[in-house]
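Read in the working numbering, the sequence shown has 345 at position 330, and its numbers run on one by one without any break.
Notes follow the structure.
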Amino acid sequence: MTPQYLKKERTMRDSRWFTKAFGTMLLFGFATIILGGPSLAQAQQFFTATATGGQEITFTEEGLDVPSSCVATFRVANDDSEIGYKLQCYNINGLTQAHIHSGQFRDSGPAFAFLFGDPDQQAIFGEQDVLGFAQVFSIEGTIGQDDPKLINVDLDFLLADMRAGITYVNVHTDANVLGEVRGQLVATPEGKITDEFFAASGSGDQEIVGVVGGVETDAACGANFGRVDAGLKFKLRCFNIEGVTQAHIHVGGPLENGPAVAVLFPAGDATGMINGLLKRGSDKSKGTLTNMNLKEGFTLDTLIDAMTTDNAYINIHTEANPAGEVRGSIALVDTFALF
């Protein structure tokens with residue numbers, strides 16, 4: 016049952032929700048995708064939030080300077096009967112609770128639902144169960160009708176605020192009781208959500224050459240990959256690297272050299288110094304791979320299977336090191352939202 020004082024607010028909020036939601040969609044450049052569907056309400060069934068310390072409301076304009084961050088993904092059932100969620104946090108210490116709160120960006124509002132923590136311990140200043148340091152922390156669950164995770168609201172009211180663009184994730188720790196990281200929930204098209212998100216960190220010492228220690232270089236590269244409806248979306252960035260001629264995904268374990276099966280940056284003249292995306296004329300090290308882009312005999316399914324089982328790596332070739340100057344194994348990360 017929704018309290019009367021919240022029911023009074025809903026009419027005012029509902030009257031302006033379209034404007035806020037539409038503005039958010041334009042910000043991320045996918046208004047056409049959402050508005051082109053059968054209905055706005057049906058299309059807005061996925062939400063994501065990226066929580067950082069700088070977004071926390073504090074006594075200073077800068078928020079909190081913390082190493083921790085969290086990513087949350089929400090999937091709403093077609094009949095609005097429940098919300099499925101996954102919360103992933105990185106480099107976080109002393110986690111106590113996590114919630115969905117009501118509030119606009121730069122506003123603090125009440126907690127409406129638990130994502131982590133004991134619903135019986137609702138007072139954030141009370142005695143809490145405290146987790147130790149976690150380099151990676153992940154939890155998933157559901158919020159249903161009349162769920163004990165809901166705090167003084169019903170599920171319909173929570174969904175209305177989510178669709179109005181006035182909710183945020185707030186993650187509390189023992190050191191930052193009011194919140195260590197926070198991030199607004201943003202409506203996200205289904206096609207942007209991937210359950211197959213991969214990352215690779217490349218360095219010279221991972222190259223398999225004739226000497227121990229790989230290739231001596233100050234260069235480093237990072238790549239991310241996400242499965243989307245159109246194929247495998249990717250972005251490759253490199254730093255302190257010069258004379259790049261091409262870059263690929265290879266199939267092979269961490270201790271072996273394997274064949275190149277997908278092009279991340281096409282062969283051509285050596286680049287100048289690179290700090291960011293690889294660029295040469297109209298060529299850039301980002302895009303979407305499809306079955307048509309892969310070496311004969313490979314498909315996206317077989318490539319992703321190799322990426323999932325530690326049998327694929329990125330390799331960046333340079334004029335100085337034609338066989339590869341920077342290499343990094345590709346690893347499965349988890350559910351993510353790709354914009």
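Note that CB positions come from ideal geometry on N, CA and C, so glycine has one too.
Own chain residues within Cβ distance below 6 Å of residue i, not counting five before or after
i	result
D298	P281
V91	Q60 and I98
F74	none
D220	G228 and G229
A87	A64, L102 and V184
Exposed unless 16 or more other CB atoms sit within 10 angstroms - verdict on residue i
i	result
F213	buried
N336	buried
N106	exposed
A36	Note on A36: pLDDT 29, under 50, position unreliable in the model; the coordinate value appears next. That one is buried.
S96	exposed
V186	buried
C-alpha gap between residue i and residue j, whole angstroms
i	j	result
I223	C104	33 Å
F163	P134	According to the sequence shown, residue 163 is Pro rather than Phe. Each residue's Cα considered, the two are about 7 Å apart.
G267	A234	22 Å
T260	A277	15 Å
N167	A126	9 Å
G141	L110	Legend: pLDDT at G141 = 49, less than 50; position of this residue unreliable, value from coordinates given subsequently. Answer to the nearest angstrom: the Cα atoms are 14 Å apart.
L79	V196	8 Å
F148	P82	12 Å
L174	A113	18 Å
L200	D122	13 Å
Q160	G69	33 Å
A190	R342	38 Å
E340	K294	17 Å
N306	I72	46 Å
F152	L146	10 Å
H263	E311	15 Å
G194	N326	39 Å
N93	T333	50 Å
K301	D284	18 Å
V360	F131	It is not possible to answer for residue 360, since the shown part of the chain is limited to 16 through 354.
Nearest neighbour of residue i, chosen from the options [CA to CA]
i	options	result
K248	I319, F129 and T111	I319
L347	N239, H114, L304 and G217	N239
Q119	E77, R178 and E155	R178
L309	G194, P274, E231 and S218	P274
I345	I329, A66 and A338	I329
I115	G180, I331 and E211	G180
A215	S84, D95, T323 and T67	T323
Near the ligand GTP: residue i beta-carbon under 8 Å from a heavy atom
i	result
A113	This structure lacks the ligand GTP, and indeed carries no ligand of any kind.
Beta-carbon proximity list for residue i, same chain, < 8 Å, skipping 5 on both sides
i	result
F254	A234, A235, C236, I289, N290 and G291
7 Å CB neighbourhood of residue i in its chain, flanking five on each side removed
i	result
G287	E257
Jot down the residue ranges of each uninterrupted alpha helix (DSSP H) in the region 155-182, minimum 4 residues, whole runs only, in chain order. Segments of the alpha helix (DSSP H) lying fully in the region 155-182: 170-178.
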